[in-house]
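Q: Dropping a structure here in structure tokens format, bear with me for questions.
In this note's numbering, the protein residues as written are 9 to 738.
What follows is the structure, encoded as structure tokens:
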């Protein structure tokens, strides 16, 4: 089934006009809302380049091959859905789907990894579901238009992501197929938030104690190992049973919310990205969902089938059975039995002919094969280069904010500096699947002057935990408290390596304070202070300790209260858009440079400026002043011409004397000189004669031009409007 077989298939189509006429046509119903009119409303009327508005002869030839390929495909497989081969672009021009990809390597380091590229695309674009969702789209816009529109369907998402991945060196492909309802509609209410997964893994890693080489062996536990195994087995069974019950409750609640089973399972069209192993040290093939940026194994049950895949070089149709999803699909694109390709590709296609067809290979000579490869070469992309400004990389989400609903959690993302307090992310964890009562709120911050990095508010324990980055005053790393009032329970953890006293933590209660130290020269590791009760009338020594203690909890709390009210953010000096001081400094520097340039230009243009300054900048130029200026200018010009001639003459005489001295030395020592010395002498003479010749030419030229320059200056002075009237009769 190749475009080369056009003549045979055309005979078949002509013989069966009545039966195959319906099959030979793809009827794609127009969308209810005109996509181009909607595009004009969103981004306005754009002036598109010539490549967007018309096809080259090579593109027209490619469309003919694609049309022949489509006719053969629907004749041989009438039960399969139409392929996405030549959709319309934003100018209503048919373009082959592979030429819509534009491999691009951007200068931003944040988009060099596949995970960062996928996350950027999922955050930057708004999901526009397919309509109808059971058919491939009639339009496929260019990645540049999708970026300007900042909205697209799954094919637009995948087209942009695949262009970026191919540009960064990945072996990436767009995949047209079918997926589950949650993936097609971007419903992540059944998925656990990735941040919760990462935090769980981090906690497990932190629970592992560090291994010490010379640690003392622990005391042997005098318990039966059999009983311990049985107890562990019982606890595991109870935990599994509890998880099963919880899952059943969640499924039941989800069923009550979303309804019964999906009746359209396997019919919803979806497009995603396939990354094959080999390039960029990718060990195994995997899928990327462009809506979420998450990666999945190729055997994941969320992907229900594949119709075709393509990249910027070729187009392949899946010939494998997908009744069990994609878990049995083999992604060996060089196997023509499993993947039907459109164009012969020397890199991937490894066509295997049976022994009985050897005579076909003999009939094709080398010239014909080279001609076929040249004809079927993929046309270059018609899309303009993809450009993403640094501001869009920073802003990410549309209007700088995005909300994602997960299972028992909501994730809010914000652009830096969008919120006055510097919050860039917020995760709200709920107790039930309906998300009615929350149990924990975690907020992430950036660019805070107080080095605040994260705040955790636990509703069950009624505690607030503040996390700080390195560089915080007093090297505070974590602050755990319930109330901001003094003399309440709180825990402060410090970075002991940044403190002189080696303080690790301080735990305070209304009655006592406990401190732990590390790596102190006096070997202090633990200190506890117990405070006496506050007395109303009698002053006891304990009261002083309590006041001293209160003075220490209050200094820190006072600073934190002021910092929360101020919400000061740090702005880099290189961020000229936000840094007002840097902006004002830059404007002042530009103003000073402009004034200096203008002053320098005026001084260069006004040849009388130094002579006027010598006369004290007279307000009025009299005849006497004019005569003085004329004589000074001419005298200065004459002296400069004489000085220049003298300099050239002195250099000429110096070179001539050095050459004469060298020649005398040669006459005295030529008998004892080696061949190398003679060559060095001849080279020196050649260079010296060249320099003498140049100086002689410069001196002669200066003698010729000096009178002309003098007369030109005299004429310029006579015609100067400031001096002309005064020197008229002179």
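Using N, Cα and C, we set each Cβ at its ideal position, and we do this for glycine too.
1. Rounded to whole angstroms, what is the Cα-Cα separation between residue 320 and residue 146?
2. Among the residues of its own chain, which have a CB less than 7 Å from the CB of residue 366, if the five just before and after it don't count?
3. Once you ignore the five residues that flank residue 619 on each side, which residues in its own chain have a CB closer than 7 Å to its CB?
4. Take the Cβ of residue 242 as the centre, count every other Cβ of all protein chains shown within 10 Å, and call the residue buried at 16 or more, exposed below.
5. Can you give me the C-alpha to C-alpha distance between residue 198 and residue 415, rounded to a whole angstrom?
6. Ignoring anything shorter than 4 residues, give me the alpha helix (DSSP H) runs that lie fully in the stretch 127-177, in order along the chain.
7. Applying the 10 Å Cβ sphere with the 16-neighbour rule, what's the burial state of residue 333?
8. Could you work out which residue in 713, 330, 180 is closest to residue 313 when comparing CA atoms only?
9. On the criterion of 16 or more Cβ atoms from any shown chain inside 10 Å, does residue 316 qualify as buried, or is it exposed?
10. Inspect the CB distances between the stretch 434-449 and the stretch 412-426 and report whether three or more fall short of 8 Å.
11. Could you spell out where the beta strand (DSSP E) holding residue 434 opens and where it closes?
12. Look up residue 30 in the DSSP assignment and say whether it is helix, strand or coil.
13. Less than 7 Å between the beta carbons of residue 503 and residue 483, yes or no?
14. Helix, strand or coil for residue 303, going by three-state DSSP, please let me know.
15. Assuming residue 64 and residue 98 form a contact by the criterion Cβ under 8 Å, report the distance between their Cβ atoms to the nearest whole angstrom.
16. For the alpha helix (DSSP H) holding residue 350, just list the boundary residues, first then last.
17. Residues in the same chain with beta-carbon distance under 8 Å from residue 720, minus the five sequence neighbours each way, listed in chain order, please.
18. Does the distance from the CB of residue 706 to the CB of residue 656 come in under 7 Å?
19. Rounded to whole angstroms, what's the CA-CA distance from residue 635 to residue 725? Just pull it up for me.
20. Thinking residue 584 and residue 599 are a contact (beta carbons under 8 Å), I'd like their distance in whole angstroms, please.
21. Hey, out of 537, 300, 479, 488, whose CA is closest to residue 419's CA?
22. Can you tell me whether residue 105 is helix, strand or coil according to DSSP?
23. When you compare the stretch 285-302 with the stretch 115-126, are there three or more beta-carbon pairs, one atom per stretch, that lie closer than 8 Å?
24. So, for residue 162: in the same chain, excluding its five sequence neighbours on each side, which residues have a beta-carbon less than 6 Å away from its beta-carbon?
25. What do you reckon, are the CB atoms on residue 93 and residue 79 nearer than 7 Å?
26. With a threshold of 16 other CB atoms inside 10 Å of the CB of residue 701, please say whether the residue is buried or exposed.
27. Going by C-alpha distance, which of 302, 281, 306 is nearest residue 292?
28. Under 8 Å Cβ to Cβ from residue 718, same chain only, skipping five residues before and after it: list those, please.
29. Residues in its own chain within less than 6 Å of residue 274 by CB, not counting five upstream and five downstream?
30. How is residue 231 classed by DSSP in three states: helix, strand or coil?
31. Would you call the stretch 94-114 and the stretch 229-242 in contact, with 3 or more CB pairs under 8 Å?
32. Any heavy atom of the ligand COA inside 6 Å of the beta-carbon of residue 664?
33. Which residues in the same chain have their Cβ closer than 6 Å to the Cβ of residue 428, if we skip the five residues on either side of it in sequence?
34. Alpha carbon to alpha carbon, what distance is there between residue 537 and residue 525?
35. In the structure shown, what three-state DSSP assignment does residue 680 receive?
36. For residue 297, which three-state DSSP category applies?
A: Inspection of the coordinates gives the following:
1. For this step, residue 320 is matched to residue 312 along the chain shown. For this step, residue 146 is matched to residue 138 along the chain shown. Rounded to the nearest whole angstrom, the CA to CA distance from residue 320 to residue 146 is 20 Å.
2. For the purposes of this step, residue 366 is identified with residue 358 of the chain shown, where counting begins at 1. For residue 366, the predicted structure reports a pLDDT of 44, less than 50, and the residue's modelled location is therefore unreliable. The matter cannot be settled from this model.
3. The residue you call residue 619 lines up with position 611 of the chain shown. Answer for residue 619: 637, 640, 641, listed in chain order.
4. Residue numbering aside, residue 242 sits at position 234 when the chain shown is read from its first letter. Burial is judged here by how many other beta carbons sit within 10 angstroms of a residue's own beta carbon; residue 242 has fewer than 16 and is exposed.
5. For the purposes of this step, residue 198 is identified with residue 190 of the chain shown, where counting begins at 1. For the purposes of this step, residue 415 is identified with residue 407 of the chain shown, where counting begins at 1. Take the alpha-carbon of residue 198 and the one of residue 415: they are about 5 Å apart.
6. Taking only runs of at least 4 residues, the alpha helix (DSSP H) segments lying wholly in the stretch 127-177 are 151-157, 162-175.
7. The residue you call residue 333 lines up with position 325 of the chain shown. Label assigned to residue 333: buried.
8. As a position in the chain shown, residue 313 is number 305, starting the count at 1. Among 713, 330, 180, the Cα nearest to that of residue 313 is on 330.
9. Against the chain shown, residue 316 aligns to sequence position 308. So residue 316 counts as buried.
10. By the Cβ test, the stretch 434-449 is in contact with the stretch 412-426, since at least three Cβ pairs between them sit closer than 8 Å.
11. As a first step, residue 434 is located in the chain shown; it is residue number 426 there, counting from the start. Where residue 434 is concerned, the enclosing beta strand (DSSP E) stretches over 431-438.
12. Stepping through the chain shown from its first residue, residue 30 is reached at position 22. Confidence in residue 30 is poor, its pLDDT being 39 and thus under 50, which makes the residue's placement too unreliable to answer from.
13. Taking the chain shown and counting its residues from 1, the one referred to as residue 503 is at position 495. Taking the chain shown and counting its residues from 1, the one referred to as residue 483 is at position 475. Yes. Within cutoff.
14. Position 295 of the chain shown, counted from the start, is the residue given in the question as residue 303. Strand, per DSSP.
15. Taking the chain shown and counting its residues from 1, the one referred to as residue 64 is at position 56. Taking the chain shown and counting its residues from 1, the one referred to as residue 98 is at position 90. Not confirmed; about 18 Å, so no contact.
16. Counting from one through the chain shown, the residue named residue 350 turns up at place 342. First-last for residue 350: undefined, no H or E at that position.
17. Translated into positions along the chain shown, residue 720 becomes position 712. Contacts found: none.
18. Within the chain shown, residue 706 is the residue found at index 698, counting from 1. Within the chain shown, residue 656 is the residue found at index 648, counting from 1. Between residue 706 and residue 656, the gap from beta carbon to beta carbon is short of 7 Å.
19. To locate residue 635, count along the chain shown from 1; it is residue 627. To locate residue 725, count along the chain shown from 1; it is residue 717. Spanning the alpha carbons of residue 635 and residue 725 requires a straight line of approximately 10 Å.
20. Residue 584 sits at position 576 when you count from the first residue of the chain shown. Residue 599 sits at position 591 when you count from the first residue of the chain shown. So it is not a contact: roughly 16 Å between Cβ atoms.
21. Residue 419 sits at position 411 when you count from the first residue of the chain shown. Looking at 537, 300, 479, 488, the one whose alpha-carbon comes closest to that of residue 419 is 300.
22. Counting from 1 along the chain shown, the entry for residue 105 is found at position 97. Three-state DSSP puts residue 105 in a helix.
23. Segments in contact, yes.
24. Within the chain shown, residue 162 is the residue found at index 154, counting from 1. Counting only Cβ-Cβ distances below 6 Å, and skipping sequence neighbours, we find 278, 279.
25. Counted from its first residue, the chain shown places residue 93 at position 85. Counted from its first residue, the chain shown places residue 79 at position 71. For residue 93 and residue 79, no; Cβs fall outside 7 Å.
26. Within the chain shown, numbered from 1, the residue matching residue 701 stands at position 693. Result: exposed.
27. Within the chain shown, residue 292 is the residue found at index 284, counting from 1. For the residues 302, 281, 306, the minimum Cα distance to residue 292 belongs to 306.
28. For this step, residue 718 is matched to residue 710 along the chain shown. The residues are 642, 645, 646, 649.
29. In the chain shown, counting from the first residue as 1, residue 274 sits at position 266. If we look at residue 274 and ignore the five residues flanking it on each side, its Cβ neighbours are 186, 312.
30. As a first step, residue 231 is located in the chain shown; it is residue number 223 there, counting from the start. Here residue 231 sits in coil by DSSP.
31. Touching, no.
32. This structure lacks the ligand COA; in fact it carries no ligand of any kind.
33. Numbered from 1 along the chain shown, position 420 holds the residue referred to as residue 428. Setting aside the 5 residues that flank it on each side, residue 428 is surrounded in the same chain by 575, each with a C-beta closer than 6 Å to its C-beta; the list follows chain order.
34. The residue given as residue 525 occupies position 517 in the chain shown. The residue given as residue 537 occupies position 529 in the chain shown. Distance between the alpha carbons of residue 525 and residue 537: 14 Å.
35. Translated into positions along the chain shown, residue 680 becomes position 672. Note: residue 680 maps to coil in three-state DSSP.
36. For this step, residue 297 is matched to residue 289 along the chain shown. Secondary structure at residue 297: coil, using DSSP grouped into helix, strand and coil.
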